[in-house]
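Below is one structure, written out as structure tokens; the observations come after it.
As structure tokens, this is what we get:
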């Protein structure tokens, strides 16, 4: 009987330790830097709350790569907006997280952009444009996939 109780306790202890959801330990930074993101859609939020497609098809395969040293590289995909011209050069920026990792700030050499991280998972990142510290009633929504 004693062995059964000890075995049961050990089994319960093992189950509780192994059942911890590993995603709880994954931070927003971890998710951002795991690999390249591909632009899926960029929408414009109209005043009535509806979303209209903003990005042309040639931008919908552009890549965003967040690096652990807080740099961000934007690269063109295989679909070029002007097919006979060479691919545009890579654009680099820096990035940081604010507001308990719920806001992404992208710092370009010439400007900066702020986005509310509306949703982030292993495979999808949804960003909503932020202006003057609050979500804008109209603005961009960017959806990136892996």
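Numbering (this note's numbering), first residue to last: -8 to 137.
Ideal Cβ placement from N, Cα and C applies to all residues, glycine included.
_Residues that residue 132 bridges to, as DSSP identifies them_ = The residue you call residue 132 lines up with position 141 of the chain shown. Residue 132 pairs with 34, 119.
*Within 10 angstroms of its Cβ, does residue 101 collect 16 or more other Cβ (buried), or is it exposed?*
Position 110 of the chain shown, counted from the first residue, corresponds to residue 101. With fewer than 16 other Cβ atoms within 10 Å, it is exposed.
*Compute the Euclidean distance between the alpha carbons of residue 30 and residue 68, then round it to the nearest angstrom.*
Here residue 30 refers to the residue found at position 39 when the chain shown is read from its first residue. Here residue 68 refers to the residue found at position 77 when the chain shown is read from its first residue. Distance between the alpha carbons of residue 30 and residue 68: 9 Å.
*asked:* Output needed for residue 51: all residues of its chain with C-beta closer than 6 Å, excluding positions within five of it in sequence on either side, in chain order.
replied: Locating residue 51 in the chain shown gives position 60, where the first residue counts as 1. Around residue 51: 30.
*Is the segment 54 to 64 close to the segment 73 to 84, with three or more CB pairs under 8 Å?*
yes
_C-beta contact flag for residue 95 and residue 108 at 8 Å_ = If you number the chain shown from 1, residue 95 lands on position 104. If you number the chain shown from 1, residue 108 lands on position 117. A contact, by the Cβ cut-off of 8 Å.
*Can you say whether residue 116 is buried or exposed, counting buried as having 16 or more other CB atoms within 10 angstroms of its CB?*
On the chain shown, residue 116 is found 125 positions in, with the first residue counted as 1. Its Cβ being crowded by 16 or more others within 10 Å, residue 116 is buried.
_Would residue 134 and residue 32 qualify as a contact pair, given that the criterion is a beta-carbon distance under 8 Å?_
Position 143 of the chain shown holds residue 134. Position 41 of the chain shown holds residue 32. Yes, Cβ-Cβ distance for residue 134 and residue 32 is below 8 Å.
*Specify, as a first and last residue, the run of the alpha helix (DSSP H) that residue 23 falls within.*
Along the chain shown, read from residue 1 onward, the residue named residue 23 stands at position 32. Taken as a continuous stretch (DSSP letters only), the alpha helix (DSSP H) holding residue 23 covers 19 to 24.
*Entirely within the segment 46 to 121 and at least 3 residues each: give me those beta strand (DSSP E) ranges in chain order.*
If we require 3 residues or more, the beta strand (DSSP E) runs fully inside the segment 46 to 121 come out as 54 to 57, 62 to 66, 82 to 89, 94 to 98, 103 to 111.
_Do residue 19 and residue 119 count as a contact pair if the criterion is CB distance below 8 Å?_
Taking the first residue of the chain shown as 1, we reach residue 119 at position 128. Taking the first residue of the chain shown as 1, we reach residue 19 at position 28. No.
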